[in-house]
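A.B. asks:
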Amino acid sequence: MFHTFVWRPCATFASKHALLVALSCSLVNVGVPVASASARNQGGDVSPPIAPDSIQGTPLVKPERQGEKLFARLGEKETGIRFANTLSVEHQRNFTFNGAGLASGDFDGDGLTDLYLVTEEGQSKLYRNLGGFRFADVTTQAGIKQDKAGFAIGASFADIDNDHDLDLFLTNWNMPNTLYRNNGDGTFTDITDTAGVGYNGGSTTATFADYDRDGDLDFYVATYRPADLAAEIGTPKLEMKDGQIVIPDNLKSSIELFETKKGLSVRQLGEPDLLYRNNGDGTFTEVAKQAGISGGYWGLSASFSDIDNDGWPDLYVTNDFWSPDMFYHNNGDGTFTLLDAERVQQTPMFAMGMDFADINNDGLTDYFVGDMLSQDATLRLTQHGLMDTTLPPDESAAQVMHNGLYLNNGDGSFSEISWFAGVAASEWTWSTKFADIDLDGYVDLLISNGMIGDLMDSDVLANINLPQFKNAPAYYENYPKLATPNNAFRNNGDLTFSEVSALWGIDDESIAHGATLADLDNDGDLDKVDNFMNEPLGVYRNNALKNRILVELVGYRSNSFGIGARVTVTSTNGQKQTRMMTTSGGYLSSHAPVLVFGLDDAETIKQIEVNWPSGHSQTFTDIEQKALLANQRYVIAEPDSIRTPPPPRRLQAENTQFAEVGATAGLTHAHIEANFDDRQYEGYDDFEEQLLLPRRLSAIGPGVSWADMDADGDDDLYVAGAHGQAGTVYQNLGDGRFDPISNNIVPAALEELATVWYANGAFVSSFSRYEVPNAPIAAIMANNNGLQFQADASGGALALNDMDGDGDLDIFIGGRAIPNQWPLPASSYIYRNDGATYTNVTAEKAPGLLELGLATGAMWLDIDNDQDSDLLIATEYGPVRLFINDKGAFRDATKTSGLQKWHGLWSGITAGDFNEDGYMDFAVANWGMNTRYHASEKYPAMLYAGNIDGDGDLDIVEAEYVDGVLRPMRERGMVGAEMPFVYEKFDTFRAYAEATLAEIYDDRLLGEGVMTLYANTLKHAVFINDGQGHFSMNVLPGLVQATTGYGITAADFDNDGHEDLYLVGNFSHMDHEFRQFSGGISYLLKGNGDGTFTEVPSTQSGLFVPYDGRGVAVSDYNKDGWVDIAVGVNDERPLLFKNTGIDGQCALTLRLQGSARNPLGIGARITVTRSDGMTTSRDVQAGSGYFSQDSAVHLFGLGKSEQVTVKVLWPDGTQSTKSAAQCGNVTLTQ
């Protein structure tokens, strides 16, 4: 809707502080000529608004450092504010404890930001800013009166009628929400009934935006439920109908039935949320259902923002308990569509406050959602009382019990990187606010937290009888008060944050709910105001001194304050900062419509760009040919011409190098674990066998393998089968399609992990012995005959090589773990090929493999260039093990090579001469930096295993260093169930949680038979071979560390002559507490030829694996001269990424024809030498990465098609050479 402004005079209040009002009383706030005090007091004429399509700048108040810390708390004496959100003991039950919010905004147009403060009981207050951080209570004069029938909850200032003054919307419980129209004279009129917005229920947070882009503000109201159902009606009674339990009609909006492992259960529903469309005439229409808003969930917060840069406000709603968060994409036609769950992977379970911002200045909107995980090691071990394992609806993302930080990938997806960023835990979190607090050019994160009682306290829950429909808050008197320090996280500019709460001075221990950020003293930085529960208001003055600018908007065709506009400020150094004009974000609260941009020490800026909701765009580089200066308040007015907003769009990766073609190619058979059915565990359960197991070992496949299985000249694909599901041969039809054929040779009952193919259709597979205890560790299948290998260990990695130089291929079989005895060391094996049979020669030739440990990945590689292949084995809670081949016997060189230094949770392993010096290097996937585990050389992650409690069973203890002292990682309930002495020694959860590891276990962890394992690095890494028998570790860069790693492979994906890396990961089968670590989307790393790598964004690569990626293998399956990628996925179909290539680059395609017994030339060394003398070397392998096998056909990128020399050193020591080779096919024969 287009509109005409009505400009009203400023409000007048008799006050001795009137002369402190220093800035303009113009109705466009500031930056225009100032009306005289007499004119303002008499209600006379005021200055006209800023002209359309213009910019004005005025100096900000000069900041002064007052105090040693960034924030200084001001009390009633300094501010004149006497206020606290009060809630009586009587009402601190059910759900009323969720607190209250507040709002900031210049309601009277005098150029100073005012405050509206909400109290649940009593009278909420409107405080007028008098200047100098002094405020006056003008509630009565303003005509605001709070009903005593219910509870006040939230507040938002917003201009709902486009007259450029801020109206006031209040959310309430058990009484109607209230809308006050600003009369422009310092008073408000209640227009709730005529506006049609008086919903009476359990409203929480309201968020405003012009979602239909018609020129006025609409709004969304999240709803909860104002009281527990039992408090309203008593225990609900279900009915039996036609032999089935059903919900009575009068309860269908309140409860629902759902299936669990233990049978049918019931859960309460929240209330339906509300979406109000502005009709442009002072009324609103509630259109949630018509707009596609769904669910009767437990809404706590909501916020509009534009996640895809199309100008159409999208919507995120946080929901408590099992109810899923809702992320709505704006369709541009008045409706919304939920984002696919895979686009966010996981969401916080107890989602509370949230906020949007661009955390890395890449122009894309990211967001944060708060949960309740404590930073305190003791509280983490006591807050397990209401560990709800109820799952959200199947179509929703999985839920985790920690904060979520979501990085916009630019392709319509988000990566959840909270652990990587250092913001996964922030106590019982309510309000969350992004802003550049220290003015360094990056947005920081402020969090308000605390609770009237620790409702998760395990000691309390262990001592009360909790009826099914009686929620824990009814017993709140028993819970300890949870007053915790508020949090400040400083943005380090590298996607990580540092906790600086104490350093910045906002670490008061309190119960804080709503918060607002506002420039209360007009110096251009954001001050903070917290609404505490039953405590005086927290007002914090920001003392930042760095340069800044503040931006205000005046809409002519858009809404009056430019809500929804996108503002980008470019510094003189080229750095861009992007903000969306909004009053939303946080919890139950709103903030003034201004934007603050920190400039650090820059004194000028290059330009300001504004993209308006109307579709208008502006760019300003100067004011009247003068530079845009720092420390200015800029007021920008929109052009006043008709403009049609562009249509909506979704961000997606376009013109990428890779395209996922698996579904159309025929890769349709999903690897589904038999112990999962409708996301509830059935069948074999790892955790029933080992209660303290941190993650399932029955869900670690599948591997994938490329081989020409039908000898027709092109590669076919094999994907290992799950328990009860045969593996699948995808026969390459030669036209880009595959024909799936079940592997009927391997019994379907077996859980297949890795498969490596020989020539002529023979293959060897390894098997899990978790689901099928009598399964072999591996078996060779050839000519419909099988040769089984038996062992105590469950199988895993496989690798073939002619280890003894007799011309045929021998087998390495990795022992992944002993079933139900993790992490006791499993043995790995070497079987020598003796023609008609295979002989276990491990004890004779490689005794170090016996009880090696937990082998996760393996490969043969000639690391010392002596023309035989050595053996590298990745291990869990150990180093990468190196065994040097000495004439067919193997010497453990792990220590002498320097590899013993780095213990990790290593998994997949791959090889390449990454620095192109002629010596083979390798890269290994690790657990990554985006999980709750942390490790360093000084403070490693510790693991103990053995008969710790003396009952003969294997026990597990995970421990972490906290402030330099070892503490347990698992809570008393779980540990005591496995080791009862813990219950006896510590009669409360808190006593256990406060104890050190030594105090809990005394000397039990030092006893005979108790093993100690550790990991001192969790980062994915490259190990560079110095050619002298030693390796140095280089950590892989960027976001690759934000995923748990499994499959990894090396290849020249861009044909530039340098080896690149590709890694997949995620793991969604963790213990009940952390559930999953699934923030990764897979990562391509471009090799630079010097041992370093550069991350390639998914928007360029097109590689997107938000699932549990396992095996990865490469092949040019369509023979177009570009390396393609297959990914095995747990509980999903396999993925096939077709490489579409890069213009101007090409590759040499090399096929080897070896001897009769080794026709693929396994173990050969290939060296390609370019005209500049640089080389690319590879060893031909059968089995590497993670449970996988790359194609035997090798592609070497030649860039712009230069001539090269190809040399092959065969396993028997002979050599073949091809000179002047160019792009295209080359075959060399032994």
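Here the sequence shown stands for residues -30 to -1, 1 to 1200, where the numbers follow mature numbering (1 follows the signal peptide of the UniProt record, and there is no 0).
Ideal placement from N, C-alpha and C gives every residue a C-beta, glycine not left out.
Everything numeric in this text was worked out from a predicted model, so none of it was measured.
(1) Is G568 buried or exposed, if buried means 16 or more other CB atoms sit within 10 Å of its CB?
(2) Is G333 near T548, with beta carbons less than 8 Å apart?
(3) Thinking C-beta only, is T725 closer than 8 Å to G673?
(4) May I have a chain-ordered list of the beta strand (DSSP E) segments no shorter than 3 residues that lie completely inside the segment 692 to 733?
(5) With three or more beta-carbon pairs closer than 8 Å as the criterion, would you say the segment 550 to 566 touches the segment 321 to 331?
(6) For A7, count the other beta carbons within 10 Å of its own beta carbon; 16 or more makes it buried, fewer makes it exposed. Which is it?
(7) Provide the residue span of the alpha helix (DSSP H) that contains R960, from first to last.
(8) In angstroms with no decimal places, state the Cα-to-Cα distance between G823 and A761.
(9) Touching or not, the segment 131 to 144 and the segment 215 to 228, by the rule of three or more beta carbon pairs under 8 Å?
(10) Taking 8 Å as the threshold (C-beta atoms), are L1033 and I1018 in contact?
(11) I need the boundaries of the alpha helix (DSSP H) containing Q1070, first residue and last residue.
(12) Quick one, are the C-beta atoms of L187 and A106 less than 8 Å apart?
(13) Please go through the same chain and pick out, in chain order, the residues whose beta-carbon is closer than 6 Å to the beta-carbon of D278, but skip the five residues on each side of it.
(14) Which residues mark the beginning and the end of the beta strand (DSSP E) in which W474 is found?
(15) Which residue wins for smallest C-alpha separation from P563, given the options L515, G544, L496 and R802?
(16) Here's the rule I'm using: 16 or more other beta-carbon atoms within 10 Å means buried, otherwise exposed. How should N714 be labelled?
(17) Within 10 angstroms of its Cβ, does residue 1263 collect 16 or more other Cβ (buried), or is it exposed?
(18) State the start and end residues of the unbroken alpha helix (DSSP H) segment that holds L57.
(19) Identify, in the order they occur along the chain, each residue of the same chain with its Cβ nearer than 6 Å to the Cβ of F291, setting aside the five sequence neighbours on each side.
(20) Enumerate, from N- to C-terminal direction, the unbroken beta strand (DSSP E) stretches of 3 or more residues contained entirely within the segment 1007 to 1062.
(21) Please report the distance separating the alpha-carbon of V716 from that of A696.
(22) Please classify S235: is it buried, with 16 or more other beta-carbons within 10 angstroms of its beta-carbon, or exposed?
(23) So what does K546 bridge to, in DSSP terms?
(24) Mind pulling the alpha helix (DSSP H) runs of 4 or more residues that sit fully within the segment 463 to 532?
(25) What number of angstroms, rounded off, separates the C-alpha of M949 from the C-alpha of D973?
(26) Just verifying my parser: in three-state terms, what is the DSSP assignment at P455?
(27) Looking at the secondary structure, which residues open and close the alpha helix (DSSP H) in which R350 lies?
(28) Between the alpha carbons of A690 and Y953, how many angstroms are there, rounded?
(29) Just the Cα atoms here: how many angstroms apart are E312 and P1076?
(30) Are the segment 517 to 536 and the segment 49 to 58 touching, with three or more C-beta to C-beta distances below 8 Å?
(31) Helix, strand or coil for E659? Go by DSSP, reduced to three states.
(32) Would you list the residues sitting across from D581 in a DSSP beta bridge?
(33) Just to confirm the assignment, what range does the beta strand (DSSP E) spanning Y847 have?
(34) Smallest Cα separation from V1178: which of S764, D1160, V1150 and F1157?
(35) Quick one, are the C-beta atoms of V314 and A367 less than 8 Å apart?
(36) Taking N289 as the reference, which of W400, L1122, A719 and R52 has the closest Cα?
C.D. replies: So, from the data block:
(1) Stepping through the sequence shown from its first residue, residue 568 is reached at position 598. Looking at its Cβ environment, which holds 16 or more other Cβ atoms inside 10 Å, G568 is buried.
(2) Here residue 333 is taken as the residue at index 363 of the sequence shown, counted from 1. Here residue 548 is taken as the residue at index 578 of the sequence shown, counted from 1. Yes, the Cβ-Cβ distance between G333 and T548 is below 8 Å.
(3) Residue numbering aside, residue 673 sits at position 703 when the sequence shown is read from its first letter. Residue numbering aside, residue 725 sits at position 755 when the sequence shown is read from its first letter. Cβ distance < 8 Å, so G673 and T725 count as in contact.
(4) 698 to 702, 708 to 712 and 721 to 727
(5) yes
(6) Taking the first residue of the sequence shown as 1, we reach residue 7 at position 37. For A7, the predicted structure reports a pLDDT of 30, less than 50, and the residue's modelled location is therefore unreliable. A value from the coordinates is still provided. A7 is exposed by the Cβ-count criterion.
(7) Here residue 960 refers to the residue found at position 990 when the sequence shown is read from its first residue. It spans F959 to A963 - the alpha helix (DSSP H) in which R960 sits, taken as one unbroken run.
(8) Translated into positions along the sequence shown, residue 823 becomes position 853. Translated into positions along the sequence shown, residue 761 becomes position 791. Spanning the two alpha carbons is a distance of roughly 14 Å.
(9) no
(10) Here residue 1018 is taken as the residue at index 1048 of the sequence shown, counted from 1. Here residue 1033 is taken as the residue at index 1063 of the sequence shown, counted from 1. A contact, by the Cβ cut-off of 8 Å.
(11) Here residue 1070 refers to the residue found at position 1100 of the sequence shown. Run containing Q1070: S1068 to S1071, per the alpha helix (DSSP H) assignment.
(12) For the purposes of this step, residue 187 is taken as residue 217 along the sequence shown, with counting starting at 1. For the purposes of this step, residue 106 is taken as residue 136 along the sequence shown, with counting starting at 1. No, these two residues do not count as a Cβ contact at 8 Å.
(13) Along the sequence shown, read from residue 1 onward, the residue named residue 278 stands at position 308. R620 and L621.
(14) To locate residue 474, count along the sequence shown from 1; it is residue 504. Careful: W474 lies outside any beta strand (DSSP E), inside the alpha helix (DSSP H) at S471 to W474.
(15) By 1-based counting over the sequence shown, the position of residue 563 is 593. Closest option to P563, Cα to Cα, is L496.
(16) Stepping through the sequence shown from its first residue, residue 714 is reached at position 744. It is exposed - the Cβ of N714 has fewer than 16 other Cβ atoms within 10 Å.
(17) Residue 1263 lies beyond the residue range present for the chain, which begins at -30 and ends at 1200; the question has no answer from this structure.
(18) One-based indexing of the sequence shown puts residue 57 at position 87. Taken as a continuous stretch (DSSP letters only), L57 belongs to no alpha helix (DSSP H), as it is neither H nor E.
(19) Taking the first residue of the sequence shown as 1, we reach residue 291 at position 321. Cβ neighbours of F291 beyond the five flanking positions: W268.
(20) Note on the segment 1007 to 1062: whole beta strand (DSSP E) runs with a minimum of 3 residues are 1015 to 1021, 1030 to 1035 and 1053 to 1057, in chain order.
(21) Numbered from its first residue, the sequence shown carries residue 716 at position 746. Numbered from its first residue, the sequence shown carries residue 696 at position 726. Spanning the two alpha carbons is a distance of roughly 7 Å.
(22) Here residue 235 refers to the residue found at position 265 when the sequence shown is read from its first residue. S235 is exposed by the Cβ-count criterion.
(23) Here the question's residue 546 lines up with position 576 in the sequence shown. Answer by DSSP bridge pairing, in chain order: T540.
(24) 471 to 474
(25) The residue you call residue 949 lines up with position 979 of the sequence shown. The residue you call residue 973 lines up with position 1003 of the sequence shown. For M949 and D973, the distance between alpha carbons rounds to 15 Å.
(26) The sequence position of residue 455 within the sequence shown is 485, counting from 1. Residue state, collapsed to three classes: strand.
(27) Position 380 of the sequence shown, counted from the start, is the residue given in the question as residue 350. R350 -> alpha helix (DSSP H) spans A347 to T352.
(28) Residue mapping note: residue 690 aligns to position 720 of the sequence shown, counting from 1. Residue mapping note: residue 953 aligns to position 983 of the sequence shown, counting from 1. A690 and Y953: Cα-Cα distance of roughly 44 Å.
(29) Translated into positions along the sequence shown, residue 312 becomes position 342. Translated into positions along the sequence shown, residue 1076 becomes position 1106. Rounded to whole angstroms, E312 to P1076 spans 6 Å at the Cα level.
(30) Three or more Cβ pairs closer than 8 Å define a contact, and the segment 517 to 536 falls short of that threshold against the segment 49 to 58.
(31) Along the sequence shown, read from residue 1 onward, the residue named residue 659 stands at position 689. Here E659 sits in helix by DSSP.
(32) In the sequence shown, the residue the question calls residue 581 occupies position 611. Residue identity differs from the one stated: residue 581 is Asn in this sequence, not Asp. For N581, which the question treats as bridged, DSSP gives the partners R536 and S587.
(33) The sequence position of residue 847 within the sequence shown is 877, counting from 1. Element bounds for Y847: D840 to G848.
(34) Here residue 1178 refers to the residue found at position 1208 when the sequence shown is read from its first residue. Comparing Cα positions, the closest option is V1150.
(35) Looking up residue 314 in the sequence shown gives position 344. Looking up residue 367 in the sequence shown gives position 397. In contact: V314 and A367 (Cβ atoms closer than 8 Å).
(36) Along the sequence shown, read from residue 1 onward, the residue named residue 289 stands at position 319. Comparing Cα positions, the closest option is W400.
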